[in-house]
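Single-structure report; data block below.
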Amino acid sequence: MIIKKPSIFIYVNNPDTSSLRNVCAGIEEEGVFYEIKEMETISLDELAWNAANDSMLGSGIGMTGNGIAMQMRGISKGRNIESYQNPDPMQSRKLGANSARAVKKLAFK
Amino acid sequence: MSYIAGVDIGNSTTEVCIGESTQGGTIHFLTSASCPTTGTKGTVANTHAIKAALKQAMGRIGRDVDDISLIRLNEAAPVIGDTAMETLTETIITDSSMIGHNPSTPAGAGQAVGEILLIENLSRGVPGTPYIVAAPSSYSYEEVAAILNQAEGTLDIAGVILQADEAVLVENRLHRKLPIIDEVARIDKLPDRVLAAIEVALPGQTVRMLSNPYGIATLLQLNAEETRTVTPIAKSLIGKRSAVVLKTPGGNVRENVLPAGEIYLDAEHSASVNLDEGAEKIMQAVSDAGSIRDISGQPNTNVGNMLSRIKQGMGELDNTPDADIHITDVLAVDTLAPVLISGALAGETCLEKAVGIAAMVKTRQLPMREIAEKLKLELGTDVKVAGVEAVMASLGALTTPGTQLPLAILDMGGGSTDAAVISEEGQVTMTHQAGAGELVSMLIETELGLGDRHMAEQIKKYPLAKVESLFHMRMENGQMTFMEDSIDPRFYGRVILLAEDGFIRMEKDIPMEKIVQVRRDAKRKVFVTNAFRALKKVAPGHDLRNISNVVLVGGSAEDFEIPEMLMEEFAGYRIVCGRGNIRGAEGPRNAVATGLVLSYAGEQK
Numbered sequence: 129m130i131i132k133k134p135s136i137f138i139y140v141n142n143p144d145t146s147s148l149r150n151v152c153a154g155i156e157e158e159g160v161f162y163e164i165k166e167m168e169t170i171s172l173d174e175l176a177w178n179a180a181n182d183s184m185l186g187s188g189i190g191m192t193g194n195g196i197a198m199q200m201r202g203i204s205k206g207r208n209i210e211s212y213q214n215p216d217p218m219q220s221r222k223l224g225a226n227s228a229r230a231v232k233k234l235a236f237k
Numbered sequence: 054m055s056y057i058a059g060v061d062i063g064n065s066t067t068e069v070c071i072g073e074s075t076q077g078g079t080i081h082f083l084t085s086a087s088c089p090t091t092g093t094k095g096t097v098a099n100t101h102a103i104k105a106a107l108k109q110a111m112g113r114i115g116r117d118v119d120d121i122s123l124i125r126l127n128e129a130a131p132v133i134g135d136t137a138m139e140t141l142t143e144t145i146i147t148d149s150s151m152i153g154h155n156p157s158t159p160a161g162a163g164q165a166v167g168e169i170l171l172i173e174n175l176s177r178g179v180p181g182t183p184y185i186v187a188a189p190s191s192y193s194y195e196e197v198a199a200i201l202n203q204a205e206g207t208l209d210i211a212g213v214i215l216q217a218d219e220a221v222l223v224e225n226r227l228h229r230k231l232p233i234i235d236e237v238a239r240i241d242k243l244p245d246r247v248l249a250a251i252e253v254a255l256p257g258q259t260v261r262m263l264s265n266p267y268g269i270a271t272l273l274q275l276n277a278e279e280t281r282t283v284t285p286i287a288k289s290l291i292g293k294r295s296a297v298v299l300k301t302p303g304g305n306v307r308e309n310v311l312p313a314g315e316i317y318l319d320a321e322h323s324a325s326v327n328l329d330e331g332a333e334k335i336m337q338a339v340s341d342a343g344s345i346r347d348i349s350g351q352p353n354t355n356v357g358n359m360l361s362r363i364k365q366g367m368g369e370l371d372n373t374p375d376a377d378i379h380i381t382d383v384l385a386v387d388t389l390a391p392v393l394i395s396g397a398l399a400g401e402t403c404l405e406k407a408v409g410i411a412a413m414v415k416t417r418q419l420p421m422r423e424i425a426e427k428l429k430l431e432l433g434t435d436v437k438v439a440g441v442e443a444v445m446a447s448l449g450a451l452t453t454p455g456t457q458l459p460l461a462i463l464d465m466g467g468g469s470t471d472a473a474v475i476s477e478e479g480q481v482t483m484t485h486q487a488g489a490g491e492l493v494s495m496l497i498e499t500e501l502g503l504g505d506r507h508m509a510e511q512i513k514k515y516p517l518a519k520v521e522s523l524f525h526m527r528m529e530n531g532q533m534t535f536m537e538d539s540i541d542p543r544f545y546g547r548v549i550l551l552a553e554d555g556f557i558r559m560e561k562d563i564p565m566e567k568i569v570q571v572r573r574d575a576k577r578k579v580f581v582t583n584a585f586r587a588l589k590k591v592a593p594g595h596d597l598r599n600i601s602n603v604v605l606v607g608g609s610a611e612d613f614e615i616p617e618m619l620m621e622e623f624a625g626y627r628i629v630c631g632r633g634n635i636r637g638a639e640g641p642r643n644a645v646a647t648g649l650v651l652s653y654a655g656e657q658k
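Each protein sequence line maps, in turn, to chains H and V. Residues in the first sequence are numbered consecutively from 129, following my numbering. Residues in the second sequence are numbered consecutively from 54, following my numbering.
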């Protein structure tokens, strides 16, 4: 039996490192696990959508360059729950926290 | 053939009904409409709403307001309801002696005692003394963790207070686990080098040591006298997930009892009652007093000012010298209001005792003739003031299928709850009671700490649901509803109101069960109390058992739960009670307007 921690997936392609750190901090503060994976595609919508669908928790984040987007399973591709271009540190932190709050069924910040 | 309009001006809504009078003297109802009342009921400012409602109603049958040949206004009962809220206690923190709040993610668990030490002064710490370290948000979680880990060998650090929302992030990076409290907004107000006790509750629990006076005494080594003074602190920390108590020499939390003042009842059996004694005592005094001539408050107290303000408002309406303005009824309701504690460090609130009061002001007559004159001038239509409100309402209520004389009506509006009984001979007995829909809204607003009357009105009107995923929500009755399309993420995880035209989001994070309870309690406290009070006054022999039928009319009878509440209460008296259905089509609204048009037909015969 393969045992894997249920985690939020973060699919990235050459992401901005400081905003990635903030996204991770946002998830960690809410006490949820995450996994980061390098991907081929550069489409932000696709990264987020794939991450959400591959995650056992149904919550995923896509990041490429300066763009970040958060998705949930069941939502069609491109209709991101939240997304930013050039986010400030607080926005990245909040997006990470929201991806965790989606799992915890809490209202978004 | 001509168009006759009936117009009913209420405290909150103006309703119109349009009927066609045929040669044979019969009335054929065509249309109706309602608009929010403009200005205080009974003033010329009302004409705006009347015109708007008439236009709306005539528009529905493709006609102009000009086509109306007669407008009949009700001789509005010269009573106006008004509401006010008085807080009876207040909590004040001096010298920042406590913090108690519910951050969403504190870290660690347990309690700790130590001296407050700001993180920039850490180098000044002395080995052997336990410290509680306070870090402002200018320090990142990595810096805080690194500094604390470095100091671990030399200093005895017992707990941490953070300004930013980073407790879990810091804790995950510490070598040794500590209780950590975060989201303390005014961390700059924490006094350096003062003994403090902090506590973080286990997941799913609330603080135990710091919400107990002896717990605080144990942690801070207080003597019996000091323990007495921390009791209000312990009380205000009940139910919190994390808390800090500081031992400052002058620091204190005081619970003040505000001088609320006395209410004087000038009645058959005159009496006075202090507002502090609570709603039950006040209502007992009001009911024991018999018929009340006037109610006033002790001068220069909260209640005195409030009652004189209400009277003054009425005085502006009827400025004839013999105006004769009296407050003839009050409804007092006990409530608890979450009030921001003055001197709080993290936005703490404390539930304070409060009394909500609705008052009923009576004058000789409202200047209805002036309104009629103005309307006549502006529309060029014949306008008549016709009929007493309660009689008209009864006439209208009788158009409800399944009703017969003798009949009692309970008119639950925005400002007042009125009752009338018509006997088989057509004799009408009536009463007006203070307190109705607006008092309910005020109670909801204060008890939930909304600070927003509009939101409170919405909560009163619509059932609740909690959005549990983007595809389903749980209704307040436990039922689940699944959606074909995903729900807007703005509503995710939130409590929402199910309005006719979509969802309304609750901005404050209050559990659905709590909102439901507050809403139902407010409605019960006002309407059930008032229904009994009012019907007892008009019932033959003042006995409810002499009433067989009650028809509920007015705006608040449209409510989705008030009629059911009353039905349950009246079931024990074998009373047939239900929401009216005016003309078999209008629901509980439009009774007075309908009565006005009907009475025209009666006058023609």
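Heads up, the beta-carbon is just placed ideally off N, CA and C, and yes, glycines get one too.
To the nearest angstrom, how far is the alpha carbon of residue i from that of residue j?
i: V/Leu208; j: V/Ala199; result: 14 Å
i: V/Pro542; j: V/Asp218; result: 23 Å
i: H/Ser187; j: H/Glu163; result: 11 Å
i: V/Ala137; j: V/Thr470; result: 17 Å
i: V/Cys630; j: V/Arg307; result: 49 Å
i: V/Met445; j: V/Val645; result: 5 Å
i: V/Leu501; j: V/Asp562; result: 10 Å
i: V/Leu428; j: V/Asp61; result: 14 Å
Chain V beta carbons: is any one of them nearer than 8 Å to that of residue i?
i: H/Ala197; result: no
i: H/Phe236; result: yes
i: H/Gly190; result: no
i: H/Met167; result: no
i: H/Ala179; result: no
i: H/Ala176; result: no
i: H/Lys132; result: no
i: H/Lys233; result: yes
Put residue i into one of helix, strand or coil per three-state DSSP.
i: V/Glu537; result: coil
i: V/Ile563; result: coil
i: V/Ile394; result: coil
i: V/His507; result: helix
i: V/Asp580; result: It should be pointed out that residue 580 of chain V corresponds to Phe in this sequence rather than to Asp. Helix at V/Phe580.
i: V/His379; result: strand
i: V/Phe585; result: helix
i: V/Thr280; result: helix
i: H/Pro127; result: As displayed, chain H neither begins before 129 nor continues past 237, which places residue 127 of chain H out of reach and without an answer.
i: V/Ser325; result: strand
i: V/Gln480; result: coil
i: V/Glu423; result: helix
i: H/Glu157; result: helix
i: V/Ala654; result: helix
i: H/Gly193; result: strand
Across which residues does DSSP place residue i in a beta bridge pair?
i: V/Asn309; result: V/Glu143
i: V/His81; result: V/Glu73
i: V/Gly314; result: DSSP output for V/Gly314 lists no bridge partner at all.
i: V/Met618; result: DSSP, once it has assigned bridges, lists no residue as partnering V/Met618.
Find the residues of chain V that neighbour residue i, judging by a C-beta separation of less than 8 Å, and give them in chain order.
i: H/Glu156; result: Val221, Leu222, Asn225
i: H/Ala153; result: Tyr194, Glu219, Leu222
Do we get a CB-CB distance below 8 Å when we pair residue i with the residues of chain H?
i: V/Phe524; result: yes
i: V/Asp218; result: yes
i: V/Tyr194; result: yes
i: V/Asp562; result: yes
i: V/Thr452; result: no
i: V/Ser539; result: yes
Using the beta-carbon of each residue, which ones in chain V are nearer than 9 Å to residue i?
i: H/Ile209; result: Leu523, Pro542, Tyr545
i: H/Met218; result: By Cβ distance, chain V contributes nothing, its closest Cβ being about 10 Å from H/Met218, past 9 Å.
i: H/Ile203; result: Leu523, Ser539, Pro542
i: H/Met200; result: Ser522, Leu523, Ser539, Pro542, Tyr545
For a contact defined as C-beta to C-beta under 8 Å, what are the partners of residue i on chain H?
i: V/Ser6; result: Residue numbering for chain V in the displayed model covers 54 to 658; residue 6 of chain V lies beyond these limits and cannot be assessed.
i: V/Thr158; result: Glu157, Glu158, Gly159
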